[in-house]
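Below you'll find the structure, written out as structure tokens, and then a few comments.
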Amino acid sequence: VIGLVPATDNRPGGNAYAPGDVIRMHSGLTVEVMNTDAEGRLILADALSYGERYKPELVMSIATLTGAAMRAIGTYGTAVMGTADENAFSRLETAGETVFERTARLPFWEEYDEEIKSDIADIKNLGSDLAGAQTAGKFLARFTTHPYIHLDIAGPAFLNRKDGYRPKGGTGVGVRLFYEFIKQRAKK
Numbered sequence: 010v011i012g013l014v015p016a017t018d019n020r021p022g023g024n025a026y027a028p029g030d031v032i033r034m035h036s037g038l039t040v041e042v043m044n045t046d047a048e049g050r051l052i053l054a055d056a057l058s059y060g061e062r063y064k065p066e067l068v069m070s071i072a073t074l075t076g077a078a079m080r081a082i083g084t085y086g087t088a089v090m091g092t093a094d095e096n097a098f099s100r101l102e103t104a105g106e107t108v109f110e111r112t113a114r115l116p117f118w119e120e121y122d123e124e125i126k127s128d129i130a131d132i133k134n135l136g137s138d139l140a141g142a143q144t145a146g147k148f149l150a151r152f153t154t155h156p157y158i159h160l161d162i163a164g165p166a167f168l169n170r171k172d173g174y175r176p177k178g179g180t181g182v183g184v185r186l187f188y189e190f191i192k193q194r195a196k197k
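Going by this note's numbering, the first residue of the sequence shown is number 10, and it counts up by one from there.
Listed below in structure tokens is the structure:
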């Protein structure tokens, strides 16, 4: 198990990128910046590309990536998507049930790739206002060649009120889920 933690903040400055800029990523792909507030997916993409050197059998990422995931399923679960096989998603769902962290698999159709096509770069960092969680996932999937699952925890990561065993504030969602998933995978 290898974990990579890309981290950044988003603040203005003289060297900040701007909408319309084209950035060359770690992988060599170029990205048209449509929205500077979608910075998390840029650093996550570079981490996915960097992780290729380890030749993983499965790549997983977790982030408060999109408000679209929260609008789709609320704060009651984690939106999951990716290119991994059905078995991996099934095991993830089972791990989630074991630790009381629901997952909701979103479709990952090829048509979503069309939403991130750019006229001036390989891809753009933001799709249309439709299927925002999936287009963000498709963006990330371009940066790994291995089976991939992304967990968008935007909904359950921070709660405005206590909900059952989940506290008000930061919930730590995903920690128990990853632990259980890895533990079960190690047993096989």
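Ideal placement from N, C-alpha and C gives every residue a C-beta, glycine not left out. If you're wondering where the values come from, they're calculated on a predicted model, not measured in any experiment.
- Pick helix, strand or coil for residue 175, following the three-state DSSP scheme. strand
Practice problem: Give a yes or no on whether the C-beta atoms belonging to residue 28 and residue 43 are separated by under 8 Å. | Solution: yes
Looking at the secondary structure, which residues open and close the beta strand (DSSP E) in which residue 162 lies?
Counting along the chain, residue 162 falls outside any beta strand (DSSP E), and DSSP gives it neither H nor E.
If you reduce the DSSP assignment to three classes, tell me which class residue 196 lands in. helix
Review point. On the three-pair Cβ rule with 8 Å, is the segment 79-95 touching the segment 164-175?
Key: yes
Simplified DSSP state of residue 190, which is helix, strand or coil
helix
Practice task
Compare the Cα-Cα distances from residue 107 to each of 78, 10, 14 and 190 and report the closest residue.
Solution key: 190
_Straight-line Cα distance separating residue 13 from residue 187_ = 14 Å
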